[in-house]
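Structure first, then comments.
Residue numbers (the working numbering), protein chains in the order written: chain D, 1 to 346; chain B, 1001 to 1367.
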């Protein structure tokens, strides 16, 4: 669940920015002949509703309805006692709490004459809610609104860039608090979480690769124990629903430390390519006599997912939005030693 | 990497699938509802969504739509067959189609992706809630032990919380201290909300940056997770000395919680426990404040989900059973002092209960 700072600040996320985003969505939805748009949200799939409204539920679920004209409606199964709180952190739209949010939205659509409704990620939409729509909106046609949303979501504004940059700084603070001499995963992860949350992170998933010599797989604090000579910590962090990742590799081997530091600098200096492929840019940047790129993954928000793989060393780049910030996760081999890094680019 | 609880759960799940004539059980989950997936795979999902296909012979496939989570699952989950699939629904449908004409159940049914049910006509997926719901509610001995360990950490966590609460601190700084403590103890998840202030506070929510000041009541529920199992504690503290109104209000909640706990035993319904709590409020003329206008539930089950059935409410007729782990908490708004909480976790026993929380039941005062 989200349990860090959750607050709305108009300086960070102006109402006008949200109005622009809604206008772009309405335009895209009308272009596919729909009367309205529905996005589902919960703590795992909240990116679309957060982008449109600024709101991320800390728990439970909700549905955000954007009619062709008029005020958006957010219906949530969160209880009535937190309705006032939701209003305070959700600067746009009308809020209704109800044990049956899909029924409330369905009745609202039926009353306002909606027939053709675009649903974000229709295949992933909860089946119970789809059934409620089909049973309670006479003559309704549910269509997939994913592409329409993506068209609007291609717009990246200053507010989004600002929130991402702040999230990235918090992740960096957390990783900077880790002692390379930590001997257990718990000793490494606790300060990472602490410093990020003290800085105002809404969420922090800190995970560790306990021994880079044997594996490159991350684990949580409950399954990882003793740390090897080289380990890596990844901080997946949200600040006001804007998600980033940062990964840093640590070594207790003094002879390796300069190589790790050089790799850190290389990652820090990577810039998004203005033209050409991302793969070419990565191959051209991460070079050296004892350095090899093993794999990489670029992540950006997509639909309801706050971070989604959009390009990889093993696949295509067609989902990568060149103009938008992205998280670059990369694995290097430094003369045979595994090194992992990740940061926000752009 | 399996926890000690997982083999016992798999055995219970296989028996339940056989009893319900289910050949394949489809379990869906995400970081909100992680319980069904965790039951079968022992994997605690954090990002994205996942589907597990559990066959009658125990062979299980876990499909995850986040590449990083699929990698983590390969290090942490108790099963070997783990797939990364950007299109979760497409992958699950393909696998289910290969299962042929078999009895397929799925849970939680209402949250299942629409595309899985709205696909090919030859793929019939039925509501499999009955196969797993009772298993989630009524714990095995090894599961109860995990809940006991979580409750102990909830007690320790509340001691940290009390030490952290002092004038001038921001509410999210208190949360940061708790989370640091839990991460250091190997606790990956914690359900926690907080309330800071006085009469104007109507409930708890995530921290919003409020600064603690003398006279404030600070409410919280802490719910750490151990081996996937949650246990909860609810307490209220006052910054400075509690005033008479706060003390009098607290006495009502204490009496209500103790009445509710005293009512707990196998065979007693959730409604009877709720009524025992609410009757105390009615006795003091506070009956309006036990309605949905001011409160959500008077307690609830806990396990692999921090807020599972049975909800403790006067209209819930589910009988409590030995082995259920629940919290009794008469949390609600009080018109004189604001939102106030008090709750302890316990295990339902044949003749009563086993209390899991050891933190004193008092209105704490911090300077």
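Glycine is no exception: its CB is placed at the ideal position from the N, C-alpha and C atoms.
A quick note: this is a predicted structure, and the numbers were derived from the prediction, not measured.
Original post:
What do you reckon, are the CB atoms on residue 1314/B and residue 1256/B nearer than 8 Å?
Top reply: As a working mapping, residue 1314/B is identified with position 314 in the second chain. As a working mapping, residue 1256/B is identified with position 256 in the second chain. Taking 8 Å as the Cβ cut-off, residue 1314/B and residue 1256/B do not qualify as a contacting pair.
**OP:** Measure the alpha-carbon distance for residue 1261/B versus residue 1095/B and round it to whole angstroms.
**Re:** The residue labelled residue 1261/B in the question sits at position 261 within the second chain. The residue labelled residue 1095/B in the question sits at position 95 within the second chain. Approximately 47 Å, taken between the alpha carbons.
Original post:
If we call anything under 8 Å between Cβ atoms a contact, is residue 1276/B one with residue 1259/B?
Top reply: The residue given as residue 1276/B occupies position 276 in the second chain. The residue given as residue 1259/B occupies position 259 in the second chain. In contact: residue 1276/B and residue 1259/B (Cβ atoms closer than 8 Å).
**OP:** Could you list which residues in chain D have their beta carbon closer than 8 Å to that of residue 998/B, in chain order?
**Re:** Here chain B covers residues 1001 to 1367 and nothing more, so residue 998/B does not appear.
**OP:** Would you be able to state if there are at least three C-beta pairs under 8 Å between the region 115-131 of chain D and the region 1109-1116 of chain B?
**Re:** yes
Original post:
Taking the alpha carbon of residue 1350/B as the point to measure from, which residue in 1309/B, 1138/B, 1220/B and 1363/B has its own alpha carbon closest?
Top reply: In the second chain, the residue the question calls residue 1350/B occupies position 350. The shortest C-alpha separation from residue 1350/B is found at 1138/B.
**OP:** Determine the contact status of residue 1340/B and residue 1217/B, defining contact as a CB-CB distance below 8 Å.
**Re:** What you label residue 1340/B is simply residue 340 of the second chain in a count that begins at 1. What you label residue 1217/B is simply residue 217 of the second chain in a count that begins at 1. The answer is yes: Cβ separation under 8 Å.
Original post:
Going by the beta-carbon positions, is the gap between residue 167/D and residue 242/D smaller than 8 Å?
Top reply: Here residue 167/D refers to the residue found at position 167 of the first chain. Here residue 242/D refers to the residue found at position 242 of the first chain. In contact: residue 167/D and residue 242/D (Cβ atoms closer than 8 Å).
Original post:
Looking at C-alpha atoms only, which residue of 251/D, 124/D, 80/D and 252/D is the closest neighbour of residue 1115/B?
Top reply: Start at 1 with the first residue of the second chain, and residue 1115/B comes out as number 115. Of 251/D, 124/D, 80/D and 252/D, the residue nearest in Cα terms is 124/D.
Original post:
If residue 48/D and residue 304/D are in contact, beta carbons under 8 Å, what's the gap, nearest whole angstrom?
Top reply: Along the first chain, one-based indexing puts residue 48/D at 48. Along the first chain, one-based indexing puts residue 304/D at 304. About 5 Å; that satisfies the 8 Å criterion.
**OP:** Assign residue 1127/B to one of two classes, buried (16 or more other C-beta atoms within 10 Å of its C-beta) or exposed (fewer than that).
**Re:** Taking the first residue of the second chain as 1, we reach residue 1127/B at position 127. Residue 1127/B should be labelled exposed.
Original post:
Going along the chain, which residues of the region 12-36 of chain D sit with their C-beta nearer than 8 Å to a C-beta in chain B?
Top reply: none
Original post:
Pairing CB atoms from the region 1159-1166 of chain B with CB atoms from the region 162-180 of chain D, are three or more of them under 8 Å?
Top reply: no
**OP:** With distances taken Cα to Cα, identify the nearest neighbour of residue 323/D among 332/D, 313/D and 300/D.
**Re:** To locate residue 323/D, count along the first chain from 1; it is residue 323. Here the closest residue by C-alpha is 300/D.
Original post:
By the criterion of Cβ-Cβ separation under 7 Å, what are the contact partners of residue 198/D in chain B?
Top reply: Position 198 of the first chain, counted from the start, is the residue given in the question as residue 198/D. Simply 1173 and 1176.
**OP:** Any chance you could list the alpha helix (DSSP H) runs of at least 4 consecutive residues sitting entirely within the region 1002-1034 of chain B, in chain order?
**Re:** 1006-1019
**OP:** On a CA-only basis, which of 1025/B, 1334/B, 1033/B and 1304/B is nearest residue 1003/B? Give me that one, please.
**Re:** Reading the second chain from its first residue, position 3 is the one you call residue 1003/B. The shortest C-alpha separation from residue 1003/B is found at 1304/B.
Original post:
If you draw a straight line from the alpha carbon of residue 384/D to that of residue 1040/B, how long is it in whole angstroms?
Top reply: Outside the modelled stretch of chain D, which goes from 1 to 346, sits residue 384/D, for which no answer is possible.
Subject >> residue 203/D, enclosing alpha helix (DSSP H) - first and last residue >> reply: In the first chain, residue 203/D corresponds to position 203, counting from 1. Residue 203/D -> not in any alpha helix (DSSP H); beta strand (DSSP E) instead, spanning 203-209.
Original post:
With 8 Å set as the bound, which would you pick, yes or no: does the beta-carbon of residue 1317/B sit closer than that to a beta-carbon of chain D?
Top reply: On the second chain, residue 1317/B is found 317 positions in, with the first residue counted as 1. For residue 1317/B, the answer is no, since every Cβ of chain D falls outside 8 Å of its Cβ.
**OP:** For the region 288-307 of chain D, enumerate the residues whose C-beta is nearer than 9 Å to any C-beta of chain B, in chain order.
**Re:** 297, 299, 305, 306 and 307
Original post:
What number of angstroms, rounded off, separates the C-alpha of residue 1130/B from the C-alpha of residue 1324/B?
Top reply: The residue given as residue 1130/B occupies position 130 in the second chain. The residue given as residue 1324/B occupies position 324 in the second chain. Each residue's Cα considered, the two are about 17 Å apart.
Subject >> Closer than 7 Å: residue 1113/B CB and nearest the ligand SAH heavy atom >> reply: Because no ligand of any kind appears in the structure shown, any question about the ligand SAH cannot be addressed here.
**OP:** Return the CA-CA distance between residue 118/D and residue 37/D, expressed in angstroms with no decimal places.
**Re:** Start at 1 with the first residue of the first chain, and residue 118/D comes out as number 118. Start at 1 with the first residue of the first chain, and residue 37/D comes out as number 37. Approximately 5 Å, taken between the alpha carbons.
**OP:** For residue 192/D, name the three-state secondary structure that DSSP assigns.
**Re:** Position 192 of the first chain, counting from 1, holds the residue named residue 192/D. Helix at residue 192/D.
**OP:** Could you list which residues in chain B have their beta carbon closer than 8 Å to that of residue 122/D, in chain order?
**Re:** Counted from its first residue, the first chain places residue 122/D at position 122. Result: 1114 and 1115.
**OP:** Specify whether the region 3-14 of chain D and the region 1027-1046 of chain B touch according to this definition: at least 3 beta carbon pairs, one from each stretch, less than 8 Å apart.
**Re:** no
**OP:** Could you have a look at residue 183/D and say whether DSSP puts it in helix, strand or coil?
**Re:** Counting from one through the first chain, the residue named residue 183/D turns up at place 183. Coil at residue 183/D, not helix or strand.
Subject >> Cross-strand partners of residue 1170/B (DSSP beta bridge) >> reply: Taking the first residue of the second chain as 1, we reach residue 1170/B at position 170. Its beta-bridge partners are 1211/B.
Original post:
How would you write the range of the alpha helix (DSSP H) that residue 294/D sits in, first residue to last?
Top reply: Locating residue 294/D in the first chain gives position 294, where the first residue counts as 1. It is not in any alpha helix (DSSP H) - residue 294/D instead sits in the beta strand (DSSP E) that spans 291-302.
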